[in-house]
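S.K.:
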Amino acid sequence: MAIVIDPDECIGCETCVELCPEVFEMDSDGEKAVVINPDSTADCVDEAIDTCPSEAISKG
Ligand code: SF4
């Protein structure tokens, strides 16, 4: 299980970064979120998955 973000779906709203900064951060352009801790089991990951407006986050 690895947490992934589909960059084609991410709209860069930063919600996942605000909810779960130990797992997500914005890329160097500040346009897309990226996963920095794909093996995290933190509860905030599920919260981010449920909250992402474009359903870009999944556990592959
Ligand atoms: S919550 Fe979803 S759309 Fe918003 S930055 Fe994170 S992955 Fe992208």
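Under our numbering, residues 393 to 452 are what the sequence shown spells out, in order. Where a beta carbon is used, it is the ideal one built from N, C-alpha and C, also for glycine.
Spell out the partners DSSP gives Lys-370 in its beta bridges.
M.R.: The displayed coordinates of the chain run from 393 to 452. Any statement about residue 370 would go beyond what the structure contains.
S.K.: Could you compute how far the alpha carbon of Glu-414 sits from the alpha carbon of Cys-405?
M.R.: Cα to Cα, Glu-414 sits roughly 17 Å from Cys-405.
S.K.: Measure the CB-CB distance between Val-409 and Ala-425 and report whether it falls below 8 Å.
M.R.: Yes. Within cutoff.
S.K.: Quick check on Ala-448: buried or exposed, where buried means 16 or more other Cβ atoms within 10 Å of its Cβ?
M.R.: Per the 10 Å Cβ criterion, buried.
S.K.: How would you label Ile-403, buried or exposed, when you count the other beta carbons within 10 angstroms and need 16 or more for buried?
M.R.: The residue in question, Ile-403, is exposed, as its Cβ has fewer than 16 Cβ neighbours within 10 Å.
S.K.: Taking the Cβ atom as the reference point for each residue, do Ser-446 and Ile-395 lie within a distance shorter than 8 Å?
M.R.: In this structure, Ile-395 does not lie closer than 8 Å to Ser-446 by Cβ.
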